[in-house]
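Engineer: So for the sequence shown, full-length UniProt numbering puts the first residue at 1; every next one is plus one. From the three backbone atoms N, C-alpha and C, an ideal C-beta is built for every residue, glycine too. Have a look at this one before I ask anything.
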Amino acid sequence: MRRFQAVAILPPDIIDTTIDFVSLAPPVNSRKLERHSLLACSLVCRAWLPRTRHHLFRKRRVNRAFMALLATDGRTFAPHVRVLRLPWRAGSAGSKLYDHEAALLRRLTGMHALDFYLRSIPTLDLALSGARFHTAFLAHLSHITHLEICGAFSGDDNFVVDTLCMFPLLTHLVASVSHTPAPMRRNPPQPFVAPRNPFLVPKNLHSLELSNYRMSVLARFRDSGSLRNIHGL
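See below:
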């Protein structure tokens, strides 16, 4: 008992340093070992909980299990989520899925970064659901300050531009997007052209990283007179 009492009264900076060290797992099975080690730390005493939760929940991926956990009443982990990994899922333009998930994600009050992954999206899927995805989903995440867009798609560049315009508080942007050939269709339907947002560069954006990217985003920044604000490229 005395041993646990001694651990409990350690200075906060010593506790944080210890847990930060534990989170640096070895390379072999690193994720599994890291999680098990942090779970063990969370059982030491109540004073160790905040820092362990910081490491356990800092980066989360949006999937069914995570959304189900977020929908529960005892979601004490929600304020600890800082970075959200969001895969694109093309769907019907009238689907209510985006509204439901957006309402749940608003519970992540501490989130400031979004990793947005495109998965070889066909042009038609972008046309049908892109506008709905922007207005019903990303509009509720307008407080994001760090955005990373990665992946591949066969649509036009306007989809990525429209996505960028959804985050007025953005300070850091990383874009690593490649285009894939659009699939051949015997009788392709007329695509629905989603309305384009004007290219409004976030006022506080000062760090820009582009990799393997075809879009002339620098020309957009130049035309809007915003390149002078970029000091990291």
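(1) Can you have a look at A90 and say buried or exposed, based on whether 16 or more other CB atoms are within 10 angstroms of its CB?
(2) Considering only the alpha carbon of each residue, which of T171, I149, V81, R222 lies closest to K203?
(3) Which class does L24 belong to by DSSP, given the choice of helix, strand or coil?
(4) Based on DSSP bridge pairs, tell me the residues matched to C150.
(5) Could you give the residue range of the alpha helix (DSSP H) that holds P87?
(6) Count the other CB atoms within 10 Å of the CB of E101; is the residue buried (16 or more) or exposed (fewer)?
(7) In this structure, how does DSSP classify L169 when only helix, strand and coil are distinguished?
(8) Buried or exposed: R61, going by 16 or more other Cβ atoms within 10 Å of its Cβ?
(9) May I ask which residues mark the beginning and end of the alpha helix (DSSP H) holding R51?
(10) By DSSP, does R107 sit in helix, in strand, or in coil?
(11) At a cut of 8 Å, does the stretch 74-89 reach the stretch 49-66 through at least three beta carbon pairs?
(12) Taking residue 234 as the reference, which of A65, C165, L208 has the closest Cα?
(13) A175 to R64, Cα distance in whole Å?
(14) Which same chain residues end up closer than 8 Å to P38 when comparing Cβ atoms and leaving out the 5 residues on each side of it in sequence?
(15) Can you have a look at D162 and say buried or exposed, based on whether 16 or more other CB atoms are within 10 angstroms of its CB?
(16) State the CB to CB distance for the pair W48 and I14, rounded to an integer number of angstroms; the pair is presumed to be in contact (CB under 8 Å).
(17) Is R61 helix, strand or coil when you go by DSSP?
(18) What does the Cβ neighbour count give for I149, buried or exposed, with the cut at 16 atoms within 10 Å?
(19) With C-beta atoms as the reference, is L169 less than 8 Å away from S207?
(20) Is the closest heavy atom of the ligand FAD to the C-beta of H55 under 7 Å?
(21) Just checking: is the beta-carbon of N229 within a distance shorter than 8 Å of some beta-carbon in chain D?
(22) So, for I230: in the same chain, excluding its five sequence neighbours on each side, which residues have a beta-carbon less than 8 Å away from its beta-carbon?
(23) By DSSP, does S42 sit in helix, in strand, or in coil?
(24) Would L114 and L70 be called neighbours here (beta carbons separated by less than 8 Å)?
Structural biologist: For this structure:
(1) Start at 1 with the first residue of the sequence shown, and residue 90 comes out as number 90. For A90, the predicted structure reports a pLDDT of 47, less than 50, and the residue's modelled location is therefore unreliable. A value from the coordinates is still provided. Classification for A90: buried.
(2) Here the question's residue 203 lines up with position 203 in the sequence shown. Minimum Cα distance to K203 is reached at T171.
(3) Taking the first residue of the sequence shown as 1, we reach residue 24 at position 24. Coil at L24, not helix or strand.
(4) By 1-based counting over the sequence shown, the position of residue 150 is 150. In DSSP, C150 forms a bridge with Y117, S176.
(5) For the purposes of this step, residue 87 is taken as the residue at position 87 of the sequence shown. That residue, P87, is in no alpha helix (DSSP H); its beta strand (DSSP E) goes 83-87.
(6) If you number the sequence shown from 1, residue 101 lands on position 101. Flag for E101 reads buried.
(7) For the purposes of this step, residue 169 is identified with residue 169 of the sequence shown, where counting begins at 1. In the structure shown, L169 sits in coil (DSSP, three-state: anything other than H, G, I, E or B).
(8) Along the sequence shown, read from residue 1 onward, the residue named residue 61 stands at position 61. So R61 counts as exposed.
(9) Stepping through the sequence shown from its first residue, residue 51 is reached at position 51. Taken as a continuous stretch (DSSP letters only), the alpha helix (DSSP H) holding R51 covers 49-57.
(10) Along the sequence shown, one-based indexing puts residue 107 at 107. It is coil, neither helix nor strand.
(11) yes
(12) Residue 234 lies beyond the range of the chain shown here (1 to 233); nothing can be said about it.
(13) Numbered from 1 along the sequence shown, position 175 holds the residue referred to as residue 175. Numbered from 1 along the sequence shown, position 64 holds the residue referred to as residue 64. Roughly 26 Å separates the two Cα atoms.
(14) Within the sequence shown, residue 38 is the residue found at index 38, counting from 1. The question names Pro, but residue 38 in the sequence shown is Leu. The answer, listed in chain order, is I19, V22, S23, T52, H55, L56.
(15) Along the sequence shown, one-based indexing puts residue 162 at 162. It is buried - the Cβ of D162 has at least 16 other Cβ atoms within 10 Å.
(16) Against the sequence shown, residue 48 aligns to sequence position 48. Against the sequence shown, residue 14 aligns to sequence position 14. Going by Cβ atoms, the distance from W48 to I14 rounds to 11 Å, so no, they are not a contact pair.
(17) Taking the sequence shown and counting its residues from 1, the one referred to as residue 61 is at position 61. If DSSP states are grouped into helix, strand and coil, R61 belongs with the strands.
(18) Position 149 of the sequence shown, counted from the start, is the residue given in the question as residue 149. Classification of I149: buried, given that the 10 Å Cβ count is 16 or more.
(19) Against the sequence shown, residue 169 aligns to sequence position 169. Against the sequence shown, residue 207 aligns to sequence position 207. No.
(20) Summarising the ligand content, the structure contains no ligands, and the ligand FAD is consequently not present.
(21) In the structure shown, chain D does not exist; there is a single protein chain.
(22) For the purposes of this step, residue 230 is identified with residue 230 of the sequence shown, where counting begins at 1. So the list reads L205, H206, S207, L208, F221, once near-sequence residues are dropped.
(23) Position 42 of the sequence shown holds residue 42. Residue state, collapsed to three classes: helix.
(24) As a working mapping, residue 114 is identified with position 114 in the sequence shown. As a working mapping, residue 70 is identified with position 70 in the sequence shown. Cβ atoms of L114 and L70: not closer than 8 Å.
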